[in-house]
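For reference, the structure discussed in these notes is given below.
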Amino acid sequence: MSNASGAQYAPDPIPAPVVEEGEFVFGAIGLDHGHIYGMTGGLASAGGTLRWVYDPDPAKVAAFQQQFPHVRVARSEAEVLDDAEVRLVAGAAVTSDRCALGLRVMEAGKDYFTDKAPLTTLEQLDAAREATARTGLKYAVYYSERIHVEAAVLAGQLIDRGAIGRVIQVQGLGPHRLGTGRPDWFFEKEKYGGILCDIGSHNFEQMLHFAGARSAEVAYSAVGNFQHPDHPGLDDFGEASIVMDNGASGYCRVDWFTPDGLSTWGDGRTFILGTEGYIELRKYVNIATGEGPGHVFLVDGEGEHHIVADGTVGFPFFGQLIRDCLDRTETAMTQEHAFAAAELSVRAQLGARILAP
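Take 1 as the starting number for the sequence shown in my numbering and just add one per residue.
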């Protein structure tokens, strides 16, 4: 797992196969974001059989082959979509292109698994909702900061068991390191969608999930470019507050100000307040301790608890998604939830106040 950049975040897979070899064949199209490695590795660890990869950039394909040497290189997108045995296509295209790819995948009769943010406009959201309703196919989303982080997986399990009572507020902090070598599209707002649409989508999804809410309204949002005048299209800071349909509230802060001295790409944290206790997640680092990632701090009526989650609960989302595709169920994540988080992200970005430096 890379500590340099969140764009390359891909936890070591914890094998938990739910199918036999060849029972669930999938392909990868669109390698513009490094999350495709985590998406592909997660599906493979759950028993999925990677058959195809396609991207118009040979260098991206060659790098992908280094990690997945048995994959076949398709000559075109159509070669993947025309394979009747392919059940799902995973993609991490340029953010503004992800919806169009998904529509083509579903029109070809296959489920779709996209990197976050899954789309960048309300028009794309309407098109995706229409396509899933019409075809019955899935438009699944890789909200990795919950589904591919064991501390977050464990927190969800603790909440489901009633460990902190009813959740009444969720706060998420999502700082990232900008680093070097980002592609040009990353700095063009119409392509990456803005910071609240992009990395903010992780936090909106977690607010809804941990609070058990189906929808929410944006009460306040703001973005700013404080330190990158050479990239005027970049939001380097964003924040938002929401009110959920069950009365819980949420707040997130996302930014590109991770100092070089931090040992990893971002000090991602989540604070979950319940009526009978609270949870803090220190997902990627417990700073200045040398203890590494995966920390869950729980305070309840019995005392104070510190649990190191990594290596304990794994990543059940991927096996659940595979079974959902085969069984036509919704256990990994409902379509309504995936789209609700996306809608919050887009609306927060569209309605954001511009903060002047």
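Where a beta carbon is used, it is the ideal one built from N, C-alpha and C, also for glycine.
In this structure, DSSP gives Gln227 a state outside helix and strand, which the three-state scheme calls coil. Across the set Gly351, Gly174, Tyr142 and Asp97, the C-alpha of Tyr142 shows the shortest separation from the C-alpha of Phe113. In the assembly as shown, Thr120 is a buried residue. Its beta-carbon has 16 or more other beta-carbons within 10 Å.
Look at His337 here: in three-state DSSP terms it is helix. Restricting attention to Gly38, Val86, Leu31 and Glu217, the CA atom closest to the CA of Ala63 is found in Leu31.
When DSSP assignments are scanned along the segment 301–351, the uninterrupted stretches of alpha helix (DSSP H) that are 4 or more residues long and fall wholly within it turn out to be 316–327 and 335–350.
One thing to note: Ile199 has its Cβ no nearer than 8 Å to the Cβ of His231. Sorting Gly41, Ile354, Val25 and Ala84 by C-alpha distance to the C-alpha of Asp236 places Ile354 at the top.
Just measuring C-alpha positions, the residue of Ser201, Pro357, Tyr278 and Ser76 sitting nearest Phe339 is Ser201. Considered as a whole, the segment 54–118 harbours 86–92 and 111–115 as its complete beta strand (DSSP E) runs of no fewer than 3 residues, in chain order. For the pair Asp300 and Ile195, the CB atoms are not nearer than the 8 Å cut-off. Of the residues assessed, Leu321 falls on the buried side of the cut-off, its CB having 16 or more other CB atoms within 10 angstroms. Between Ala131 and Leu103, the C-beta spacing is below 8 Å.
Under the three-state reduction of DSSP output, Phe26 falls in the strand class. Per the Cβ contact rule, the segment 216–232 is not in contact with the segment 260–267 (fewer than 3 Cβ pairs under 8 Å). Check the Cα spacing between Arg269 and each of Asp111, Val149, Ser45 and Phe317: the tightest is with Val149.
In the structure shown, Val218 falls within a strand segment according to DSSP collapsed to helix, strand and coil. Residue environment for Gly48: buried (at least 16 other C-beta atoms within 10 angstroms of its C-beta).
Remark: C-beta atoms of Val86 and Val19 do not approach each other more closely than 8 Å. In this chain, the beta strand (DSSP E) harbouring Val141 covers Tyr139 to Tyr142. When only Cα atoms are considered, Asp324 and Ser221 end up about 35 Å apart. Segment contact: the segment 289–307 against the segment 178–188, fewer than three CB-CB distances shorter than 8 Å; contact not assigned. Here Leu137 really is in contact with Lys110; their C-beta atoms are around 7 Å apart, less than 8 Å.
Spatial neighbours of Gly277 in its own chain (CB-CB distance under 6 Å, excluding positions within 5 residues in sequence) are listed in chain order as Ile164, Val299 and Asp300.
Judged by DSSP in its simplified three-state form, His209 adopts helix. Taking the Cα positions, Glu145 is about 9 Å away from Gly174.
By the Cβ-count criterion, Gly38 is buried, with 16 or more other Cβ atoms from all chains shown falling within 10 Å of its own Cβ. Residue pairing of Thr289 in beta bridges, as defined by DSSP: absent, with no partner found. For Asp260, there is no enclosing beta strand (DSSP E), as DSSP marks it with neither H nor E. Among the bridge pairs identified by DSSP, Trp52 is matched with Gly27 and Arg72. Bounds of any beta strand (DSSP E) do not take in Gly193, whose DSSP letter is neither H nor E. If you ignore the 5 residues before and after Ser345, its C-beta comes within less than 7 Å of the C-beta of Ala117, Leu196, Cys197, Gly200, Ser201 and Phe204, all in its own chain and listed in chain order.
The beta carbon of Ala127 sits closer than 7 Å to the beta carbons of Cys99 and Leu103 from its chain, once the five residues preceding and following it are set aside; these are given in chain order.
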